[in-house]
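Asker:
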Amino acid sequence: MIESAVQRQAVLQPKTVLRIGRLSLYLVLAAGAAVVALPFCWMVSTSLMSLGETINRQWLPGTPRWQNYQTAWMEARFAVYFMNSVIITATSLAGLLTTSILAAYAFARLQFAGREIIFFGLLSTMMIPEAMTLLPSFLIIRGDVIPLPGGSWLNTLQGLTVPFMASAFSIFLLRQFFRRLPVELWDAACIDGCGHLRFLTTIVLPLSKAPLLTVSLFGFIASWDSLLWPLLVTTRETWRPLMVGLWSLVTEAGAETHLFMAGATITLLPILVIYFLVQRQFTEGIMTSGLKG
Amino acid sequence: MLTTTHTPGHQRRSLISERMVPWLFLAPGLLVILALALYPFLYALSTSLHSYYLANPAGSRWVGFDNFTAFFRDNNFWDNVTTTIRYVGVAVGIEIPLGFGIALLLHTQTRFKLVWRAALIIPVTLAPVVVGALWKFMYNNQFGIITYLTGLVGFESLFLGGPNSALWSIIVPEIWQWTPFVTLICLAGLATLPDEPYEAAAVDGASAWQILRYITLPLMKPFLTIAFVLRLITAYKVFDPIYLMTGGGPGISTQVLSIRVYELGFATLQMGRASALALLLFIVATLLTKFVVLRLLESRQDDEGRRL
Chain A
46 MIESAVQRQA
56 VLQPKTVLRI
66 GRLSLYLVLA
76 AGAAVVALPF
86 CWMVSTSLMS
96 LGETINRQWL
106 PGTPRWQNYQ
116 TAWMEARFAV
126 YFMNSVIITA
136 TSLAGLLTTS
146 ILAAYAFARL
156 QFAGREIIFF
166 GLLSTMMIPE
176 AMTLLPSFLI
186 IRGDVIPLPG
196 GSWLNTLQGL
206 TVPFMASAFS
216 IFLLRQFFRR
226 LPVELWDAAC
236 IDGCGHLRFL
246 TTIVLPLSKA
256 PLLTVSLFGF
266 IASWDSLLWP
276 LLVTTRETWR
286 PLMVGLWSLV
296 TEAGAETHLF
306 MAGATITLLP
316 ILVIYFLVQR
326 QFTEGIMTSG
336 LKG
Chain B
16 MLTTTHTPGH
26 QRRSLISERM
36 VPWLFLAPGL
46 LVILALALYP
56 FLYALSTSLH
66 SYYLANPAGS
76 RWVGFDNFTA
86 FFRDNNFWDN
96 VTTTIRYVGV
106 AVGIEIPLGF
116 GIALLLHTQT
126 RFKLVWRAAL
136 IIPVTLAPVV
146 VGALWKFMYN
156 NQFGIITYLT
166 GLVGFESLFL
176 GGPNSALWSI
186 IVPEIWQWTP
196 FVTLICLAGL
206 ATLPDEPYEA
216 AAVDGASAWQ
226 ILRYITLPLM
236 KPFLTIAFVL
246 RLITAYKVFD
256 PIYLMTGGGP
266 GISTQVLSIR
276 VYELGFATLQ
286 MGRASALALL
296 LFIVATLLTK
306 FVVLRLLESR
316 QDDEGRRL
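Read top to bottom, the protein sequences are chains A and B.
Letter by letter, the first sequence follows residues 46 to 338 of this note's numbering.
Letter by letter, the second sequence follows residues 16 to 323 of this note's numbering.
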């Protein structure tokens, strides 16, 4: 629809100017895409090199060494860690969506004492530097501060997932979206005698595909890409995620750059696959949802 | 703002349960956030008033505000402040206009959409470990491609290794990683803009610049605000990529405040001073939220009309 507006506007200009303009636009975009894509392409290219080639300033490997991926997979113990990461991320995400949706709805739609203050406090927690929360959070998860069900949560699934199950950012993002939904929706639902929970699940959520996908994507990345926290709370292999394996390629194996790059590419793939699966809905969701106008 | 309070259309529920609903909705999320934000906050508050060494917690003693006042006599601290302001200012100052510009260009493109999107989403999804290692390797003096490329045009620099170049060298990956994020937010925003103002502008013969200035920019303000707020917060707290690329060095040339907190707490084990600095960071951030972020967010509500 905007395309049509822009085309309409373009009709006003002489054709040659338009052609030159479009050509330079393509050039700028191509240059920009090259700059953005270069580090990534180089990462993939390096992942297929031999160790000798990586320190030889080569752009492309002589013969692509696909076995690097297998070696990285074995050395970083990805076979175990990959499944761990999938379970950890899925569990975190399910928790994150549940807590964020409920809290965001409360902040956007419900009236209660201290709503603005609590929301402000919540926003402030986004500002707390991680270095400050690291040690006390660790003490909490170890069960030093308050007794936790099942004792210490070190080396457990809940120790790795619960800290990722709520995020001020997700609540903030969803709240911004929920409060822009037209109030008529509620009026209509009220006539049918709909409660908050039913209104939320049957009306609000189907309209909120786009922000939900956005929150999920960020939640996925936060959990999948985390390293420092899993390093702290796992002392055994049982629940270690992918990033810890990847990290071992840097620290344990010396400077095996090609293997690290292969491992990095492996860890990136699931996110890309998921993104491309949802990206159509991602855009459609935004277009068809109540965010417009 | 949200003045319209609606009573539910049915009176079956008791008043008490109706009043409980918000708290039931908030409980799961707030519980986790309270445990992992409020407790660390109190912990920092307490340790910041003590001379507290991580290696010797038993020897902790009360020192009042000494941990705080020490920073104001500490030149290192003021360097950290300048570094942080430079890092955040330059990064966010470039990311927002650049990201918005790219979004404007991409928005009219219908061809190769998947390629653009792939190029945009990859930097955002890369783990900090990967970004740090990747760029460190590209900056390498002997076999990095950046040093190779800049060598071709006769530009010599130590990049991450130079006291003057290191800060700029860590800002480049930051911009590389997060400008696409701004673009993605702006693209989502541009897709929601209404048609009518543009039709009217075309009828009136408005120039491209006028359309951008008087139609697109005001309509895009909510999206630009969100992008700005998110970038500001994460750039201010940035830790992993810097830690992995330079560790704050050479010297303290890339030591932003969050790196200093880590260094104080986990390298020199002075938990008391680390907590004091973390609290200072937090107070400044809260003031920023109160006076910049909230103001920006509120200003858009004026023209919003009747919403949930």
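For glycine and all other residues, C-beta sits at the position ideal for the given N, C-alpha and C.
How should Phe305 of chain B be labelled, buried or exposed, when 16 other C-beta atoms within 10 angstroms of its C-beta is the threshold for buried?
Answerer: Looking at the sequence shown, residue 305 of chain B is not Phe but Lys. Exposed, because fewer than 16 other Cβ atoms sit within 10 Å of the Cβ of Lys305 of chain B.
Asker: Which residues, in chain order, does the stretch 313-327 of chain A contribute to contact with chain B at a C-beta distance below 9 Å?
Answerer: Cβ contacts with chain B: Leu313, Ile316, Leu317, Tyr320, Phe321, Gln324, Phe327.
Asker: Which residue spans inside the stretch 118-167 of chain A form an unbroken beta strand (DSSP E) run of at least 3?
Answerer: Those beta strand (DSSP E) runs which fall completely within the stretch 118-167 of chain A and span 3+ residues do not exist here.
Asker: Could you check the C-alpha separation between Ala82 of chain A and Leu284 of chain B for me, to the nearest Å?
Answerer: Near 40 Å, if we compare the C-alpha coordinates of Leu284 of chain B and Ala82 of chain A.
Asker: Is Gly147 of chain B buried or exposed, if buried means 16 or more other CB atoms sit within 10 Å of its CB?
Answerer: That one is buried.
Asker: Any beta-carbon of chain A closer than 8 Å to the one on Leu323 of chain B?
Answerer: Model confidence at Leu323 of chain B stands at a pLDDT of 43, short of 50, so the residue's coordinates are unreliable and nothing is read from them.
Asker: Assuming Leu200 of chain B and Met171 of chain A are in contact, meaning their beta carbons sit under 8 Å apart, how far apart are those beta carbons, in whole angstroms?
Answerer: Here the sequence assigns Ile to residue 200 of chain B, which means Leu is not the residue at that position. Not quite, the Cβ-Cβ distance comes to about 17 Å (not below 8 Å), so this is no contact.
Asker: Express the C-alpha separation of Val228 of chain A and Leu336 of chain A in angstroms, rounding to a whole number.
Answerer: Unreliable positioning characterises Leu336 of chain A in this predicted model, as indicated by a pLDDT of 41, which lies under 50. A coordinate reading is not provided.
Asker: Leaving out five residues on either side along the sequence, give the residues of the same chain with a beta carbon under 8 Å from the beta carbon of Leu322 of chain A.
Answerer: Contacts found: none.
Asker: Going along chain A, which residues have a C-beta under 8 Å from Pro143 of chain B?
Answerer: Near Pro143 of chain B (Cβ distances below 8 Å), the residues of chain A are Asp270, Leu272.
Asker: With three or more beta-carbon pairs closer than 8 Å as the criterion, would you say the stretch 179-199 of chain B touches the stretch 129-149 of chain B?
Answerer: Output reads yes: the stretch 129-149 of chain B touches the stretch 179-199 of chain B.
Asker: For the alpha helix (DSSP H) containing Asn82 of chain B, name the first residue and the last one.
Answerer: Element bounds for Asn82 of chain B: 81-87.
Asker: Thinking C-beta only, is Ser130 of chain A closer than 8 Å to Pro286 of chain A?
Answerer: It is a contact, given that the beta carbons lie within the stated cut-off.
Asker: Mind listing the chain B neighbours of Val131 of chain A? Cutoff is C-beta to C-beta under 7 Å, in chain order.
Answerer: Those do not exist, as Val131 of chain A stays about 16 Å from chain B at its closest Cβ, beyond 7 Å.
Asker: Would you say Trp224 of chain B lies against chain A (beta-carbon separation less than 8 Å)?
Answerer: Answer no: the Cβ-Cβ gap between Trp224 of chain B and chain A never drops below 8 Å.
Asker: What residue ranges within the stretch 143-221 of chain B form continuous alpha helix (DSSP H) runs of no fewer than 4 residues, ordered along the chain?
Answerer: Runs of the alpha helix (DSSP H) inside the stretch 143-221 of chain B: 143-153, 160-167, 181-205, 211-219.
Asker: At a CB-CB cut-off below 7 Å, which residues of chain A make contact with Tyr54 of chain B?
Answerer: Chain A residues near Tyr54 of chain B: Pro181, Ile185, Val190.
Asker: Taking Gln115 of chain A as the reference, which of A:Val318, A:Gly188, A:His303, A:Ile319 has the closest Cα?
Answerer: Among A:Val318, A:Gly188, A:His303, A:Ile319, the Cα nearest to that of Gln115 of chain A belongs to A:His303.
Asker: Within 8 Å of any Cβ in chain A, is that where the Cβ of Gly44 of chain B sits?
Answerer: Closer than 8 Å to some Cβ of chain A, the Cβ of Gly44 of chain B qualifies, so yes.
Asker: Considering Cα atoms alone, identify which of A:Asn200, A:Gly290, A:Gln324 is closest to Ile311 of chain A.
Answerer: When each option's Cα is compared against that of Ile311 of chain A, the closest is A:Gly290.
Asker: Determine, for Ser66 of chain B, whether the minimum Cβ-Cβ distance to residues of chain A falls below 8 Å.
Answerer: No, no contact with chain A.
Asker: Residues in the stretch 145-159 of chain B with C-beta within 9 Å of chain A's C-beta atoms, listed in sequence order?
Answerer: So the close ones are Val145, Val146, Ala148, Leu149, Trp150, Phe152, Met153, Asn155, Gln157, Phe158, Gly159.
Asker: If you draw a straight line from the C-alpha of Asn155 of chain B to the C-alpha of Leu175 of chain B, how long is it?
Answerer: Rounded to whole angstroms, Asn155 of chain B to Leu175 of chain B spans 8 Å at the Cα level.
Asker: What do you reckon, are the CB atoms on Arg275 of chain B and Leu292 of chain B nearer than 8 Å?
Answerer: Yes, they are a contact pair.
Asker: Which partner residues of Gly68 of chain B appear in the DSSP bridge assignment?
Answerer: A small fix is needed here, since residue 68 of chain B is Tyr in this sequence, not Gly. According to DSSP, Tyr68 of chain B bridges with B:Asn71, B:Gln285.
Asker: Let's test the definition: count the other Cβ atoms within 10 Å of the Cβ of Ile185 of chain A and tell me whether it reaches 16, buried, or not, exposed.
Answerer: It is buried - the Cβ of Ile185 of chain A has at least 16 other Cβ atoms within 10 Å.
Asker: Hey, out of B:Phe281, B:Pro265, B:Ile257, B:Ala52, whose CA is closest to Val103 of chain B's CA?
Answerer: It is B:Ile257.
Asker: From what residue to what residue does the alpha helix (DSSP H) around Asp94 of chain B run?
Answerer: That run of the alpha helix (DSSP H) goes 90-122.
Asker: For a contact defined as C-beta to C-beta under 9 Å, what are the partners of Glu301 of chain A on chain B?
Answerer: Chain B residues near Glu301 of chain A: none, gap ~11 Å exceeds 9 Å.
Asker: So with CB distances below 9 Å, who are the chain A contacts of Lys236 of chain B?
Answerer: Result: empty, since nearest Cβ-Cβ is about 13 Å, beyond 9 Å.
Asker: Which two residues bound the contiguous alpha helix (DSSP H) that contains Trp274 of chain A?
Answerer: Note, Trp274 of chain A: alpha helix (DSSP H), 273-278.
Asker: Ignore the nearest five residues each way along the sequence and tell me which others in Phe244 of chain A's own chain have a CB closer than 6 Å to its CB.
Answerer: Correct list, in chain order: Ala234.
Asker: Short of 7 Å in beta carbon distance, which residues of its chain neighbour Ser32 of chain B, apart from the five on each side in sequence? Order them along the chain.
Answerer: Closer than 7 Å at the Cβ level, and outside the excluded window around Ser32 of chain B, lies no residue.
Asker: What is the DSSP secondary structure of Arg64 of chain A, reduced to helix, strand or coil?
Answerer: Helix at Arg64 of chain A.
Asker: Are the C-beta atoms of Met119 of chain A and some chain B residue less than 8 Å apart?
Answerer: For Met119 of chain A, the answer is no, since every Cβ of chain B falls outside 8 Å of its Cβ.
Asker: At what residues does the alpha helix (DSSP H) containing Thr125 of chain B begin and finish?
Answerer: No alpha helix (DSSP H) contains Thr125 of chain B, which DSSP labels as neither H nor E.
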